[in-house]
Amino acid sequence: FELSRCDGVQRYGWSAGYSHVCQRRNEPARVEDDYYSLGATLFHAVTGIDPIVMDQDPEANVAQTLSCLTAVCGAGAPVVGLVRDLLDADPAVRSSAARRLRTTTVLGLGGPAVGSPPDLSLAPILRHTLGVVLGHAEAILAEDVRKHVLPPPVTAYDGLAGLVMELARHPEALTAASQLARLTAFVVKRVEVPPALLYGRTGVSLALQAVASAGGDPALQGIAESILPGEEEIANERRVDVTHGLAGLGLGFLEFAASAPDPEPFLRLADRCAERLLFGEDLIEGNLRALPVGDPAHGISVADGFAHGRAGIAYFLLAHAAQTGYPKSRQRARRMMDQLADLVPDLAGRARSRLARPMAASWCQGLAGIGTALVRGARFFADDRLLTAARTAAAGCRSVAPRVPLVTQCCGLAGIGEFLLDLAIASGDTSHRQDAIEVLHLMLTRSGGPRTAPSFPDATMAATTPCWATGASGVLSFLRRLADPSSPRLWMADGIASGWPR
Numbered sequence: 052f053e054l055s056r057c058d059g060v061q062r063y064g065w066s067a068g069y070s071h072v073c074q075r076r077n078e079p080a081r082v083e084d085d086y087y088s089l090g091a092t093l094f095h096a097v098t099g100i101d102p103i104v105m106d107q108d109p110e111a112n113v114a115q116t117l118s119c120l121t122a123v124c125g126a127g128a129p130v131v132g133l134v135r136d137l138l139d140a141d142p143a144v145r146s147s148a149a150r151r152l153r154t155t156t157v158l159g160l161g162g163p164a165v166g167s168p169p170d171l172s173l174a175p176i177l178r179h180t181l182g183v184v185l186g187h188a189e190a191i192l193a194e195d196v197r198k199h200v201l202p203p204p205v206t207a208y209d210g211l212a213g214l215v216m217e218l219a220r221h222p223e224a225l226t227a228a229s230q231l232a233r234l235t236a237f238v239v240k241r242v243e244v245p246p247a248l249l250y251g252r253t254g255v256s257l258a259l260q261a262v263a264s265a266g267g268d269p270a271l272q273g274i275a276e277s278i279l280p281g282e283e284e285i286a287n288e289r290r291v292d293v294t295h296g297l298a299g300l301g302l303g304f305l306e307f308a309a310s311a312p313d314p315e316p317f318l319r320l321a322d323r324c325a326e327r328l329l330f331g332e333d334l335i336e337g338n339l340r341a342l343p344v345g346d347p348a349h350g351i352s353v354a355d356g357f358a359h360g361r362a363g364i365a366y367f368l369l370a371h372a373a374q375t376g377y378p379k380s381r382q383r384a385r386r387m388m389d390q391l392a393d394l395v396p397d398l399a400g401r402a403r404s405r406l407a408r409p410m411a412a413s414w415c416q417g418l419a420g421i422g423t424a425l426v427r428g429a430r431f432f433a434d435d436r437l438l439t440a441a442r443t444a445a446a447g448c449r450s451v452a453p454r455v456p457l458v459t460q461c462c463g464l465a466g467i468g469e470f471l472l473d474l475a476i477a478s479g480d481t482s483h484r485q486d487a488i489e490v491l492h493l494m495l496t497r498s499g500g501p502r503t504a505p506s507f508p509d510a511t512m513a514a515t516t517p518c519w520a521t522g523a524s525g526v527l528s529f530l531r532r533l534a535d536p537s538s539p540r541l542w543m544a545d546g547i548a549s550g551w552p553r
């Protein structure tokens with residue numbers, strides 16, 4: 052195919068995972084090296100996942116790649132045997148596989164793997180991942196941020212606040228969380244940060260408060276209060292979503308109030324967010340209509356998802372009703388929950404198609420986020436219809452999960468796993484927790500290192516980073532809740548009053 056060499060000229064360079072290790076060493080190219088690239092490309096064509104590259108050992112990466120393929124197709128599928136041979140270390144085996152492929156007209160794809168995955172021990176994985184996240188924190192603290200051309204990002208989504216928020220949940224990490232929180236407070240006062248929950252000061256405030264509440268540094272409570280958005284920013288905010296807009300601000304105020312010495316000022320701010328959503332101009336529907344609409348066959352609905360759409364807004368209004376008893380919030384949340392429940396069967400059906408994209412199961416734009424809202428709605432309204440819809444969403448997530456490349460909270464498997472844990476708690480059905488464990492098995496196939504000490508990749512699938520939405524601290528959140536289902540899900544106002552059932 053003239054990938055490794057063209058017109059007799061060696062073409063040194065490669066796409067990670069798609070080129071044989073010999074090419075990375077710039078060894079003289081051979082035809083069989085291109086057969087390896089063909090096998091990697093067929094793997095991607097079947098799964099939608101890039102070949103795994105997280106391990107230092109190329110053969111270990113091949114084994115992980117084949118594990119991902121087996122999860123999608125089953126061990127006996129003809130395509131698994133063909134790709135395995137095209138990726139073989141022996142050039143003669145690769146050449147033989149290429150000859151077979153030349154005479155093949157139909158290549159069976161099989162179906163998802165059945166049977167129980169191998170046993171795993173959660174404790175060492177949790178312990179190791181906490182150590183990885185602590186290592187990231189220590190590396191950040193060892194730097195002098197005053198010498199940086201640009202300050203480190205501070206937000207919950209991809210910055211220091213997400214790392215602080217998770218470390219504050221681990222007593223053995225509280226010292227590091229406190230030091231990192233003080234660094235976060237130093238930076239956030241010196242840069243312009245928007246008000247948002249996941250991309251702004253509200254998330255930073257919650258992280259600082261979490262450290263203060265855990266006993267790490269009581270002075271952080273005052274700093275956290277001082278950087279929270281106020282009435283003017285709420286009045287000027289026209290976005291409605293959880294990530295950037297009013298629903299996220301409201302959730303943040305509710306959670307902040309739960310641990311504040313005087314909750315009333317923060318509950319009033321949450322009231323203002325609800326009022327902006329419920330009265331006057333219909334900001335909700337106006338925002339939702341402006342969101343992009345993709346191919347329905349892909350099973351993705353940005354306008355109904357949690358990050359930017361209906362599910363996240365309904366979740367906030369439900370939390371507000373639970374905390375305040377406000378009937379307008381309850382009524383609008385109920386209406387939106389019914390809309391979501393009506394949508395789920397169609398979205399779950401699309402998720403079972405091979406045309407479904409991995410994001411169809413995601414927290415941000417897919418069934419995991421919609422299901423998260425429905426689970427809480429089912430508990431709050433004591434409505435079995437909403438719980439049934441959440442179960443249907445979970446079935447759709449299970450269909451897509453083997454083809455989800457990322458292990459992360461946003462767009463990835465950790466976010467799916469958190470939803471399944473929520474469903475297990477709400478329904479009392481332990482099979483959903485087992486589904487979450489199977490999600491962890493899938494995450495391990497995308498990782499480097501031994502199963503008891505994995506290196507979980509970030510959104511690049513080629514490195515590990517500390518951030519919460521797309522990195523190791525978000526994976527740690529899922530592992531923590533898998534080990535202790537009673538521990539809180541971050542950024543979801545789990546700490547508010549008893550009227551908010553978990």
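Residue numbers (the numbering used here): 52 to 553. We put the beta carbon where it would ideally sit given N, CA and C, even for glycine. These numbers come from a predicted model, not from an experiment.
Asked                                                                                                                                                                                       : Found
Residue 91 and residue 69 - do their beta-carbons sit closer together than 9 Å?                                                                                                             : yes
Following the continuous alpha helix (DSSP H) through residue 198, name the residue where it begins and the one where it ends.                                                              : Residue 198 -> no alpha helix (DSSP H), and no H or E assigned at all.
Could you tell me whether the region 236 to 246 touches the region 511 to 524, where touching means 3 or more Cβ pairs closer than 8 Å?                                                     : no
Answer yes if the region 186 to 193 comes into contact with the region 490 to 508, meaning at least three C-beta pairs across the two stretches below 8 Å, and no otherwise.                : no
Could you check the C-alpha separation between residue 116 and residue 109 for me, to the nearest Å?                                                                                        : 11 Å
Let's test the definition: count the other Cβ atoms within 10 Å of the Cβ of residue 199 and tell me whether it reaches 16, buried, or not, exposed.                                        : exposed
If we count the other Cβ atoms within 10 Å of its Cβ and call it buried at 16 or more, is residue 140 buried or exposed?                                                                    : exposed
Where residue 543 and residue 204 are concerned, what is the direct C-alpha to C-alpha distance, given to the nearest angstrom?                                                             : 22 Å
At which residues does the alpha helix (DSSP H) containing residue 237 begin and terminate?                                                                                                 : 225 to 239
For the region 352 to 369 against the region 283 to 302, do three or more pairs of beta-carbon atoms, one drawn from each stretch, fall closer than 8 Å, so that the two count as touching? : yes
Does the Cβ of residue 346 have 16 or more other Cβ atoms within 10 Å, making it buried, or fewer, making it exposed?                                                                       : exposed
Taking just the CA atoms, how far does residue 122 sit from residue 350?                                                                                                                    : 21 Å
Contact defined as beta carbons within less than 8 Å: I believe residue 394 pairs with residue 355. What is the distance between those atoms, to the nearest angstrom?                      : 6 Å
Could you check which residue in 482, 386, 163 and 372 has the C-alpha nearest to that of residue 493?                                                                                      : 163
Okay, do the region 463 to 474 and the region 434 to 449 touch, 3+ Cβ pairs below 8 Å being the bar?                                                                                        : yes
Could you tell me the distance, in whole angstroms, from the CA atom of residue 61 to the CA atom of residue 80?                                                                            : 7 Å
If you follow the alpha helix (DSSP H) that residue 396 is part of, which residue opens it and which one closes it?                                                                         : 378 to 402
My output table needs one value for residue 448: the three-state DSSP class, helix, strand or coil.                                                                                         : helix
Would you kindly work out how many angstroms separate the C-alpha atoms of residue 53 and residue 66, rounded to a whole number?                                                            : 14 Å
How long is the line joining the alpha carbons of residue 271 and residue 210, rounded to whole angstroms?                                                                                  : 18 Å
Tell me, please, which residues DSSP counts as bridged to residue 528.                                                                                                                      : Paired residue(s): none; residue 528 is not in a bridge.
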